[in-house]
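S.K.: This is the structure I have questions about; it appears just below.
Protein chains: 2
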Amino acid sequence: MFPWKSVISIKPVCNVPIYLQIANQIVCQIKESHVQPGSRLPGSRAMSELLEVHRKTVVAAYEDLEAQGWIEIHPSKGAFVSTKLPERKPARIAEAPIKNGFPAQTGFEVKPYLNIHDPSYAPPGIIGLHDGPDLRLVPTKLISQTYKSILTRRAHVPHLRYFEVEGNLYLRQQLSEHLNESRGLQTTPENIFITRGSQMGIFLASSILLSPGDIVLSGDPGYYYAERVFTHFGAKVIRVPIDEHGMRTDMVKEICEKQCVRMLYITPHHHFPTTVTLCAERRMGLLEIANLCNIAILEDDYDYDFHYESSPLLPLASADQNGMVVYVGSMSKTFAQFLRIGFLVAPPNLLKEIGKLRQMIDVQGDYAMEQTIGELFRLGEIKRHMKKALKLYKQRRDHFCDLLTEQLGNRIQFKKPEGGMSIWAEFDASLQLPVVAAAAKKKGLVVSNGKVYDKASDHNWNACRLGFAGLNLEEQEFAVKVLKEVMG
Amino acid sequence: MFPWKSVISIKPVCNVPIYLQIANQIVCQIKESHVQPGSRLPGSRAMSELLEVHRKTVVAAYEDLEAQGWIEIHPSKGAFVSTKLPERKPARIAEAPIKNGFPAQTGFEVKPYLNIHDPSYAPPGIIGLHDGPDLRLVPTKLISQTYKSILTRRAHVPHLRYFEVEGNLYLRQQLSEHLNESRGLQTTPENIFITRGSQMGIFLASSILLSPGDIVLSGDPGYYYAERVFTHFGAKVIRVPIDEHGMRTDMVKEICEKQCVRMLYITPHHHFPTTVTLCAERRMGLLEIANLCNIAILEDDYDYDFHYESSPLLPLASADQNGMVVYVGSMSKTFAQFLRIGFLVAPPNLLKEIGKLRQMIDVQGDYAMEQTIGELFRLGEIKRHMKKALKLYKQRRDHFCDLLTEQLGNRIQFKKPEGGMSIWAEFDASLQLPVVAAAAKKKGLVVSNGKVYDKASDHNWNACRLGFAGLNLEEQEFAVKVLKEVMG
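Those sequence lines, one after another, are chains A and B. Counted from 1, the first sequence has number 241 at position 241 by the working numbering; the numbering is strictly sequential. Counted from 1, the second sequence has number 1283 at position 283 by the working numbering; the numbering is strictly sequential.
In structure tokens:
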């Protein structure tokens, strides 16, 4: 008999279940022709004694092998290595010489596509003054548990194929309620379109709304990745100065009187990157201009939920009577960036066109994860998480601002932001931010070199955002200590 | 004392943990001002006796309330309703009249974007001859268990933010090995770019490669959703007839001699929609033409892994010496469409440009799910699943083809496909497919009305794909019975 005992070794502590270990090793023996097609395997009882495992384990292994086509089980006769083995060598399409590796370069021409900023990701684990939430707060267990319970619930299985391009209806219902309650909107689920983060919302809306030559107004400084999208679609970006109350409405008016503007992009709640809040008077002013000049307002409210002061302002969308505002939001700031779920809020005629485009890009979103987030809304978990994060981030903002004032007050200028996860720090003219950033990196701290903000501006700011939300108080102290050292 | 016992009711059988039920109901009482800011809550021991729960449960509830900012806990003094309550009413931005619902329509103009086919999703649960895998085979437990173990593993937490735009490195490594082994490629991970399904691969590659006015060759009939992408980018699609050996290479040559062609789109393994396999001679012919005329070949091999006959052919990409082929694949057919993971295989200079574009669309993929699929590759689970599905689908193909021949052999023409999940059925001229489809729908069977194939062709085919992989033998019998009835 074939020496099964000596060729199959079982590791009890292993990710792979024992029955699969057995099945895999039998496959190896078949593949290497150590056992021949048509030959009989030991009965399950005999094999279980040989391998010193439970008989059920062997039965499971045999069933798996049969399902894969490696063996055939004939009741009362036994298990036989299949004569029609499933492994087939695919044929090469020509007797051409065998290649030496993958082609190093395309044979056809590829134009450098965009002068887009190469992303620089800080290595995980290094302390960095990044924008964005504290990953350590992500309720990973809650999310993955809920996800699992949804994916394994039988009722959901029929949905695991193509579904509504607008996104999971249950999430749209929950989100509609949440937005109505927190932002004074009056949406129904048909006003909501689920995207993969706010970036996709900006991309989809811009693709439908912009034609080459269109004019888009954006802040100075503004959000680089949004502006790149506008120019990608051939639009011309005109920058409107941002002051301590947000975008200068008087300048917007002046521009719109002279030329035809298609769209205005704004982050009113905490302007990106300078963090200022657009005051109520200017909000009304913008809506008036939009109505008068027929301008679409793309309102990017990605961090609306993170406001620490007593009176957040409702978004422009809440006061829009005429369908001038397309509202973009995100869940990626609420939990973590890996969760690519955002949303667009707009009248259905726009969302319909956006759906047609979305089908061509990636067909649809992630049904099961969208259902998961819907469920977490219903259970109140999202609100609970936001409240906790809000409280903690407020503390961190206060501590960070105090530290900066005490330690670096004479070298950087900033205003305590009313919300968001970062401050906007303007560095003293005697310091060069790229030099500071390079020196800090050597001491184990990642800070932006500010170039990305200069690119989205007509100025050289010598400034950057310093994220406080992701660092606990000790980490903040380390970061400010390093900054102080390298700033001399 | 406040009657806590009567206002807090605990449901033992409920999705919401008991401590959260308690916390939520205390929040309600605070919100409705039944308990006042500054007032003291019962001690945890007293409360646990009142509510007849474990004291630890009350402690957990209080901690949650504190984390959310609803109460303050002063050691040795007790828990007090916070005087600075976290709920703030946001301010409306103007005294404008309250809106009556969400605007029904945009105020600005939205051009109908594309004459794209409105998607028609069959209601889940109805039997349909859809393309695609059997959702009942999806190893939902395995996927969600693995996903959970990844998301909750501490080592992964630092990655849950922005990561490599090319996709999770671990998955790219596993995929590279798998592609080299199964498709005769010689990739390294730097040749792999993870996308959200093959549709995104087609979209990204086309966006970088095509300029307005470019000529793209596609099959006649071809894949509608790919062709829509090409025309979206301003390209002109020229259709090349498909015969029983696949695309007519002689016609491709003829066209390329007369005009400058930028790209050729092909699904060689099982042509979409007609399922024929492109023969080896023509494959070499296409590569030669591509080299000679400097044409990029977009090889869409979405169902390569599902081939039932003895000799699958390696893809064009395996014989490409000069970097002319961009290879597109998908995992969505392996498991289910909800899993939006696909890949592009190409030289790095192209993938670099694609990465810049991807950043603007949705920033990045799903780190945790990509890691999950990588893990399932490493454990051999993907291969195992594919083998099982392959065996089952082969059986289903054979059974379905036999049924069709027996029952409908005189009304429809088809050739047994060597792979894939569907057959291509041409209906007798005496039958009108849209009429057949409408009648079948009334009897509880969803069949394509064929319009989408006509749109991707210069012919009216009176034909459609009939998916067999998703239906078990009884369901197939039901489907063919209905077809026979409605075809009279």
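We treat Cβ as the ideally placed atom computed from N, Cα and C, and that holds for glycine.
Which complete alpha helix (DSSP H) runs does the stretch 391-477 of chain A hold, if anything under 4 residues is left out?
M.R.: DSSP runs (the alpha helix (DSSP H)) wholly in the stretch 391-477 of chain A: 433-442, 451-455.
S.K.: Who are VAL1237 (chain B)'s beta bridge partners in DSSP?
M.R.: Mapped onto the second sequence, residue 1237 (chain B) falls at position 237. Per DSSP, B:VAL1216.
S.K.: Verify the CB distance criterion: does HIS1399 (chain B) have a CB-CB separation below 8 Å to chain A?
M.R.: Locating residue 1399 (chain B) in the second sequence gives position 399, where the first residue counts as 1. No, its Cβ sits nowhere closer than 8 Å to a Cβ of chain A.
S.K.: Please state the DSSP three-state secondary structure of TYR162 (chain A).
M.R.: As a working note, residue 162 (chain A) is residue 162 in the first sequence. TYR162 (chain A) falls in the coil class under three-state DSSP.
S.K.: Taking DSSP's pairing of strands, which residues face LEU1298 (chain B) in a bridge?
M.R.: Your numbering for residue 1298 (chain B) matches position 298 in the second sequence. Its beta-bridge partners are B:TYR1265, B:VAL1326.
S.K.: Span of the alpha helix (DSSP H) holding VAL16 (chain A)?
M.R.: Position 16 of the first sequence, counted from the first residue, corresponds to residue 16 (chain A). Element bounds for VAL16 (chain A): n/a, residue is neither H nor E.
S.K.: Closer than 8 Å between beta carbons: that is the criterion. Which residues of the stretch 1123-1141 of chain B meet it against chain A?
M.R.: Correct list: PRO1124, GLY1125, HIS1130, GLY1132, LEU1135, ARG1136, VAL1138, THR1140, LYS1141.
S.K.: Quick one: is the Cβ of GLU1109 (chain B) within less than 7 Å of any heavy atom of the ligand ATP?
M.R.: Only the bare structure without any ligand can be found here, which leaves the ligand ATP out of the picture.
S.K.: Which same chain residues, not among the five before or five after HIS399 (chain A), have their C-beta less than 7 Å away from its C-beta?
M.R.: As a position in the first sequence, residue 399 (chain A) is number 399, starting the count at 1. So the qualifying residues of the chain are LEU473, GLN476.
S.K.: Given ALA336 (chain A), which residues of its chain have a CB within under 7 Å of its CB, disregarding the five upstream and five downstream residues?
M.R.: Here residue 336 (chain A) refers to the residue found at position 336 when the first sequence is read from its first residue. Cβ neighbours of ALA336 (chain A) beyond the five flanking positions: PRO133, LEU135, VAL138.
S.K.: Return helix, strand or coil for PHE1343 (chain B), following the three-state DSSP convention.
M.R.: If you number the second sequence from 1, residue 1343 (chain B) lands on position 343. In this structure, PHE1343 (chain B) counts as strand in the three-state DSSP scheme.
S.K.: Short check: CB of LEU298 (chain A) to CB of ILE202 (chain A), under 8 Å?
M.R.: As a working note, residue 298 (chain A) is residue 298 in the first sequence. As a working note, residue 202 (chain A) is residue 202 in the first sequence. Yes, these two residues count as a Cβ contact at 8 Å.
S.K.: What are the residues that DSSP puts in a beta bridge with PHE193 (chain A)?
M.R.: The residue you call residue 193 (chain A) lines up with position 193 of the first sequence. Beta-bridge pairing links PHE193 (chain A) to A:LEU344.
S.K.: Please list the residues of the stretch 1329-1343 of chain B that have a C-beta atom closer than 7 Å to any C-beta atom in chain A, keeping them in chain order.
M.R.: Answer in chain order: ALA1336, GLN1337, PHE1338, ARG1340.
S.K.: Mind checking ARG1153 (chain B): buried by the 16 CB within 10 Å criterion, or exposed?
M.R.: Locating residue 1153 (chain B) in the second sequence gives position 153, where the first residue counts as 1. Per the 10 Å Cβ criterion, exposed.
S.K.: Taking buried to mean at least 16 other C-beta atoms within 10 Å of its own C-beta, is GLY1038 (chain B) buried or exposed?
M.R.: Stepping through the second sequence from its first residue, residue 1038 (chain B) is reached at position 38. Result: exposed.
S.K.: Would you list the one or two residues that DSSP bridges to MET1247 (chain B)?
M.R.: Translated into positions along the second sequence, residue 1247 (chain B) becomes position 247. Answer by DSSP bridge pairing, in chain order: B:ILE1242.
S.K.: Within a Cβ cutoff of 7 Å, which residues of the same chain sit near ASN1291 (chain B), ignoring the five residues on either side of it in sequence?
M.R.: In the second sequence, the residue the question calls residue 1291 (chain B) occupies position 291. Taken in chain order, the residues that qualify are ASN1322, MET1324.
S.K.: Does the beta carbon of TYR19 (chain A) sit closer than 8 Å to a beta carbon anywhere in chain B?
M.R.: Here residue 19 (chain A) refers to the residue found at position 19 of the first sequence. Judged by the 8 Å Cβ criterion, TYR19 (chain A) is not in contact with chain B.
S.K.: Compare the C-alpha of ILE423 (chain A) against each of A:LYS415, A:ILE373, A:ASP243 and name the closest.
M.R.: Here the question's residue 423 (chain A) lines up with position 423 in the first sequence. The shortest Cα separation from ILE423 (chain A) among A:LYS415, A:ILE373, A:ASP243 belongs to A:LYS415.
S.K.: Shortest alpha-carbon distance to ASN1462 (chain B) belongs to which of B:VAL1435, B:LEU1483, B:SER1211, B:VAL1486?
M.R.: As a position in the second sequence, residue 1462 (chain B) is number 462, starting the count at 1. The shortest Cα separation from ASN1462 (chain B) among B:VAL1435, B:LEU1483, B:SER1211, B:VAL1486 belongs to B:VAL1435.
S.K.: With 16 other CB atoms within 10 Å as the buried threshold, where does ALA235 (chain A) fall?
M.R.: Translated into positions along the first sequence, residue 235 (chain A) becomes position 235. Classification for ALA235 (chain A): buried.
S.K.: How about HIS1245 (chain B) and GLY1419 (chain B): are their beta carbons less than 8 Å apart?
M.R.: Locating residue 1245 (chain B) in the second sequence gives position 245, where the first residue counts as 1. Locating residue 1419 (chain B) in the second sequence gives position 419, where the first residue counts as 1. Going by C-beta atoms, HIS1245 (chain B) is not nearer than 8 Å to GLY1419 (chain B).
S.K.: Let me know the secondary structure DSSP gives GLU1254 (chain B) once reduced to three states.
M.R.: The residue given as residue 1254 (chain B) occupies position 254 in the second sequence. Residue state, collapsed to three classes: helix.
S.K.: With which residues is ALA1091 (chain B) paired in a DSSP beta bridge?
M.R.: Counting from one through the second sequence, the residue named residue 1091 (chain B) turns up at place 91. Beta-bridge pairing links ALA1091 (chain B) to A:LEU313.
S.K.: Report the rounded CA-to-CA distance for GLU1066 (chain B) versus THR334 (chain A), giving the unit in angstroms.
M.R.: Residue mapping note: residue 1066 (chain B) aligns to position 66 of the second sequence, counting from 1. Residue mapping note: residue 334 (chain A) aligns to position 334 of the first sequence, counting from 1. Each residue's Cα considered, the two are about 19 Å apart.
S.K.: With a threshold of 16 other CB atoms inside 10 Å of the CB of SER1176 (chain B), please say whether the residue is buried or exposed.
M.R.: Within the second sequence, residue 1176 (chain B) is the residue found at index 176, counting from 1. The residue is buried, with at least 16 neighbouring Cβ atoms inside 10 Å.
S.K.: In whole angstroms, give me the CA-to-CA distance for GLU109 (chain A) and GLU1353 (chain B).
M.R.: Counting from one through the first sequence, the residue named residue 109 (chain A) turns up at place 109. Counting from one through the second sequence, the residue named residue 1353 (chain B) turns up at place 353. Distance between the alpha carbons of GLU109 (chain A) and GLU1353 (chain B): 12 Å.
S.K.: Which of helix, strand or coil does DSSP assign to ILE73 (chain A)?
M.R.: Residue 73 (chain A) sits at position 73 when you count from the first residue of the first sequence. The answer is strand: DSSP assigns ILE73 (chain A) an E or B state.
S.K.: Take ILE382 (chain A) and list the residues in its own chain whose beta-carbon comes closer than 6 Å to its own, dropping the five residues that flank it on each side.
M.R.: Position 382 of the first sequence, counting from 1, holds the residue named residue 382 (chain A). The residues are LEU376.
S.K.: Would you verify that the beta carbon of GLN1025 (chain B) is, or is not, closer than 8 Å to some beta carbon of chain A?
M.R.: Translated into the one-based positions of the second sequence, residue 1025 (chain B) becomes position 25. Chain A, which has no Cβ nearer than 8 Å to the Cβ of GLN1025 (chain B), makes this no.
S.K.: Can you tell me which of B:HIS1074, B:GLN1174, B:HIS1271 puts its alpha carbon nearest to the alpha carbon of SER1044 (chain B)?
M.R.: Here residue 1044 (chain B) is taken as the residue at index 44 of the second sequence, counted from 1. Ranking the options by Cα distance to SER1044 (chain B), first place goes to B:HIS1074.
S.K.: Just grab the DSSP bridge partners of ARG1040 (chain B) for me.
M.R.: Working through the second sequence from its first residue, we reach residue 1040 (chain B) at position 40. DSSP, once it has assigned bridges, lists B:PHE1080 as partnering ARG1040 (chain B).
S.K.: Which of helix, strand or coil does DSSP assign to ILE1127 (chain B)?
M.R.: Position 127 of the second sequence, counted from the first residue, corresponds to residue 1127 (chain B). ILE1127 (chain B): strand per DSSP, three-state reduction.
S.K.: Just to confirm, are ILE242 (chain A) and HIS271 (chain A) a CB contact at a threshold of 8 Å?
M.R.: Translated into the one-based positions of the first sequence, residue 242 (chain A) becomes position 242. Translated into the one-based positions of the first sequence, residue 271 (chain A) becomes position 271. Yes, the Cβ-Cβ distance between ILE242 (chain A) and HIS271 (chain A) is below 8 Å.
S.K.: Mind pulling the chain A residues with CB within less than 7 Å of MET1200 (chain B)?
M.R.: The residue you call residue 1200 (chain B) lines up with position 200 of the second sequence. Result: ILE361, ASP362.
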